[in-house]
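Note that the protein sequences, when read in sequence, are chains A and B.
Under our numbering, the first residue of the first sequence is numbered 1, with each subsequent residue one higher.
Under our numbering, the first residue of the second sequence is numbered 287, with each subsequent residue one higher.
Using N, Cα and C, we set each Cβ at its ideal position, and we do this for glycine too.
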Amino acid sequence: MSESSDYSSARGLVVLGLATMLGLLFIGCSTEPREIILASTTSTEDSGLFERLLPAFREAHPGYRVRVIAVGSGEALRLAARGDADAVLAHSPGAEEEFMAAGHGESRQPVMYNDFVIVGPPAGSARHCALESAAAALACIAADSATFISRGDDSGTHARERRLWDLAGIEADGEWYLEAGQGMGAVLMMASEMDAYTLTDRGTYLSLRERLHLSVLVEGDPILRNQYSVIVVRDAAELEGARTFADWITSEPAQSLIGAFGTERFGRRLFTPNAGQTSQELKIEN
Amino acid sequence: MDVLVDAARQALALLLSGDPYLWGIIARSLQVSGSAVALGLLVGIPIGTWLGLTRFPGRGIAVALVNTGLALPPVVVGLFVYLLLSRQGPFGELGWLYTTSAMIAAQVVLAAPYVAAITLAAVQAVPPELRLQARALGAGRWQALLLHLREARLSLMAAVAAGFGAVISEVGAVMMVGGNVHGETRVITTAIVLETRRGQFATAMALGLILLAIAFAANAFITRVQQAAPRRRRPLTS
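This is how it looks when you write it as structure tokens:
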């Protein structure tokens with residue numbers, strides 16, 4: 001008799017324990033912010049922009065937390081197409097249009113732009129080149145067989161670089177052309193160590209400049225403009241959160257944060273906010 | 287599941303078609319890790335033998351250091367080798383950074399402790415009477431030492447396999463000091479990282495299968511040696 005009562009009291013304890021755990025789980029769920037997975041580019045991550053933006057987003061929307069997965073633009077879009085991300089911040093217009101055409105995206109809005117620059121060793125052989133256009137400079141680098149390091153990772157920067165070689169009418173191939181298959185920061189460090197040229201977004205270059213033996217070779221060519229857009233993924237697991245984030249990053253407070261970012265540290269802005277610009281206006285400027 | 291099956295099927299097709307990109311990467315991996323283990327033997331065997339056969343104050347610390355070497359994180363080794371070989375570093379003049387030389391250097395640091403630790407265990411396992419007997423029978427000091435190492439040779443081969451298995455599958459150090467340059471310093475592990483990121487799952491899977499096969503071969507060999515060793519020893523000690 002006493003045995004069975006022991007047994008039932010033990011069972012009571014187990015039930016009580018389980019109930020407590022379940023209760024704690026529910027409390028945990030209600031206070032835990034919901035997670036938005038943002039697939040973004042290595043260039044925005046390396047520039048430090050998210051460290052400025054995300055705390056402000058958290059303040060405006062305490063119910064959400066953004067987890068940034070920093071990969072190349074190509075991979076960011078592929079992740080999203082597989083449903084592994086809720087929102088995308090990318091800078092590869094061609095790939096983004098394909099993504100939208102395939103029906104993977106719910107909306108796509110411009111957020112900001114910066115520009116690409118071609119950088120290289122301050123006393124490198126390509127310094128004599130005619131630098132009126134990015135394509136001409138690349139042609140000159142190729143003619144000199146000066147070492148050029150390509151991202152080689154299907155990122156937005158890599159896509160732009162390939163377009164520039166096309167424009168220059170050059171098949172980039174040979175001993176002098178290296179494909180690194182790594183992020184922007186790693187490629188800049190490599191270029192610096194190897195006295196090589198590379199195409200980079202200005203933000204990553206400026207944020208690493210003190211550690212690099214590289215200076216700007218070409219800038220200002222309209223083809224070097226780098227437009228970032230935010231995409232809400234149609235099949236997002238956290239669709240409401242993704243919409244909230246896209247609305248926020250294109251709103252006035254976030255846009256002014258973007259416009260101010262970098263002015264203290266580099267004496268100039270790294271990104272120019274341009275949310276609300278129509279695709280028509282973007283096309284004309286490109 | 288479909289993604290996995292598709293990738294595996296395409297991976298096999300790629301391997302069988304003799305894809306030059308794939309096989310070039312595999313050959314480079316074997317070359318880099320093979321060279322690293324060969325150099326690791328030159329460093330590890332003398333250290334292991336010395337620690338196994340001599341007694342001196344501080345030997346315990348030295349043995350502990352060798353065993354710690356087994357758990358060296360590749361990224362930390364990569365960081366140190368990077369700083370040593372970078373242009374501002376003491377060996378920047380060599381111009382090794384982002385070449386296979388830098389990758390071999392990093393992997394030697396990772397492989398040598400394996401060789402040293404297994405050599406140490408192996409020479410200690412050989413009964414000391416063997417060497418004393420050999421000396422008594424008129425063998426010179428070096429002859430006796432060689433005989434000792436000969437008895438431990440199976441374990442030394444296991445050391446080679448263990449070191450090789452460890453370095454061929456590490457990704458942190460070779461990525462940092464090699465740079466994953468296409469056709470120059472891209473090896474199996476760094477290529478798997480890149481191809482997965484690019485969504486080229488078949489290529490990544492093909493390389494993964496090869497890496498698994500290499501790791502399996504290395505470990506099968508070690509297991510065989512370990513199973514065979516006790517049987518060989520019995521007549522010696524009796």
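Could you check whether the Cβ of residue i sits closer than 9 Å to any Cβ belonging to chain B?
i: A/Gln-182; result: yes
i: A/His-213; result: yes
i: A/Ala-142; result: no
i: A/Leu-199; result: no
i: A/Leu-178; result: yes
i: A/Met-1; result: Low confidence applies to A/Met-1: its pLDDT is 41, below 50, so where it sits in the model is not reliable enough to give any reading.
i: A/Ala-186; result: yes
i: A/Gln-277; result: no
i: A/Val-71; result: yes
i: A/Glu-75; result: yes
Just to confirm, is the Cβ distance from residue i to residue j under 9 Å?
i: A/Glu-238; j: A/Tyr-64; result: yes
i: A/Asp-86; j: A/Leu-38; result: yes
i: B/Ala-398; j: B/Ile-333; result: yes
i: B/Leu-302; j: B/Leu-495; result: no
i: A/Ala-159; j: A/Gly-74; result: yes
i: B/Ala-403; j: B/Asn-466; result: no
i: A/Arg-52; j: A/Pro-33; result: no
i: A/Gly-259; j: A/Asp-115; result: no
i: A/Leu-49; j: A/Phe-261; result: yes
i: A/Val-119; j: A/Leu-217; result: yes
i: A/Ala-60; j: A/Ser-40; result: no
i: B/Ala-408; j: B/Ala-445; result: yes
i: A/Met-184; j: A/Thr-42; result: yes
i: A/Asn-274; j: A/Val-111; result: yes
i: A/Thr-147; j: A/Met-194; result: yes
i: B/Arg-412; j: B/Ile-331; result: One detail in the question is off: residue 412 of chain B reads as Val in this sequence, not Arg. Not in contact: B/Val-412 and B/Ile-331 (Cβ atoms no closer than 9 Å).
i: B/Ile-454; j: B/Ser-321; result: no
i: A/Ala-101; j: A/Ile-149; result: no
i: A/Leu-199; j: A/Ser-47; result: no
i: A/Ala-130; j: A/Ala-123; result: no
i: A/Tyr-228; j: A/Ile-141; result: no
i: A/Ile-36; j: A/Ala-254; result: no
I'd like to know if residue i contacts chain A, where contact means its C-beta is closer than 9 Å to some C-beta of that chain.
i: B/Arg-295; result: no
i: B/Leu-365; result: no
i: B/Val-525; result: No information on residue 525 of chain B is available, as it lies outside the stretch 287 to 524 that chain B covers here.
i: B/Ala-477; result: yes
i: B/Met-443; result: no
i: B/Arg-520; result: The predicted model places B/Arg-520 with a pLDDT of 48, which falls under 50 and marks its position as unreliable, so this point remains unresolved.
i: B/Met-491; result: no
Within its chain, find whatever has a CB closer than 7 Å to the CB of residue i; leave out the 5 residues flanking it on each side and keep chain order.
i: B/Ala-388; result: Val-367, Leu-371, Trp-382, Val-463, Gly-464
i: A/Ala-139; result: Ala-168, Ile-170
i: B/Gln-296; result: Ala-488
Taking residue i as part of the alpha helix (DSSP H), name the residues at either end of that continuous run.
i: B/Ile-404; result: 386–411
i: B/Thr-475; result: 474–483
i: A/Asp-247; result: 239–249
i: B/Ala-425; result: Unbroken run through B/Ala-425: none, as it is neither H nor E.
i: A/Ser-133; result: That residue, A/Ser-133, is in no alpha helix (DSSP H); it is neither H nor E in DSSP.
i: B/Thr-335; result: 306–339
Please list the partners that residue i has in chain B, where partner means a Cβ-to-Cβ separation under 7 Å.
i: A/Arg-78; result: Gly-485
Can you list, in chain order, the residues of its chain with a C-beta nearer than 8 Å to that of residue i? Leave out the 5 residues immediately preceding and following it.
i: B/Glu-481; result: Phe-487, Thr-489, Ala-490, Leu-493
i: B/Ala-348; result: Leu-337
i: B/Ser-441; result: Ile-404, Thr-405, Ala-407, Ala-408, Ala-411, Val-511, Ala-515
i: A/Ala-76; result: Ala-39, Ser-40, Thr-41, Ile-69, Ala-85, Val-88, Leu-89, Ala-90
Can you pull the chain A residues whose beta carbon is under 7 Å from the beta carbon of residue i, in chain order?
i: B/Ser-387; result: Within 7 Å Cβ-Cβ: nothing; B/Ser-387 doesn't reach chain A, min ~14 Å.
i: B/Leu-480; result: Asp-153, Gly-181
i: B/Tyr-384; result: Met-190, Glu-193, Met-194
For residue i, go through chain A and note every residue whose CB falls closer than 9 Å to its CB, in chain order.
i: B/Ser-372; result: Met-189, Glu-193
Beta strand (DSSP E) containing residue i: first to last residue?
i: A/Thr-41; result: 34–41
i: A/Phe-148; result: 148–150
i: B/Ala-350; result: Per DSSP, B/Ala-350 belongs to no beta strand (DSSP E); it is in the alpha helix (DSSP H), 345–355.
i: A/Gln-227; result: 225–233
i: A/Asp-115; result: 105–120
i: A/Asp-201; result: 198–201
i: A/Ala-90; result: 87–90
Quick one: list the residues of chain B neighbouring residue i, beta-carbon separation under 8 Å, in chain order.
i: A/Asp-84; result: Near A/Asp-84 there are no residues of chain B at all, since even the closest Cβ is about 11 Å away, more than 8 Å.
Counting only the same chain and skipping the five closest in sequence on each side, list residues whose C-beta sits under 6 Å from that of residue i.
i: A/Gly-152; result: Glu-179, Ala-180, Gly-181
i: A/Ser-107; result: Val-232
i: A/Glu-285; result: Residue confidence for A/Glu-285 is low, a pLDDT of 45 falling below 50, so the modelled location carries little weight; the figure read from the coordinates is stated next. So the list is empty, once near-sequence residues are dropped.
i: B/Arg-314; result: Val-473
So is the beta-carbon of residue i under 8 Å away from any non-hydrogen atom of the ligand NAD?
i: A/His-213; result: Among the components modelled here there is no ligand, and therefore nothing to report on the ligand NAD.
Chain A partners of residue i, CB-CB under 8 Å?
i: B/Glu-470; result: Leu-178
Taking Cβ-Cβ distances shorter than 9 Å, what residues in chain B pair up with residue i?
i: A/Gly-120; result: Residues of chain B passing the Cβ test: none, with the nearest at roughly 15 Å.
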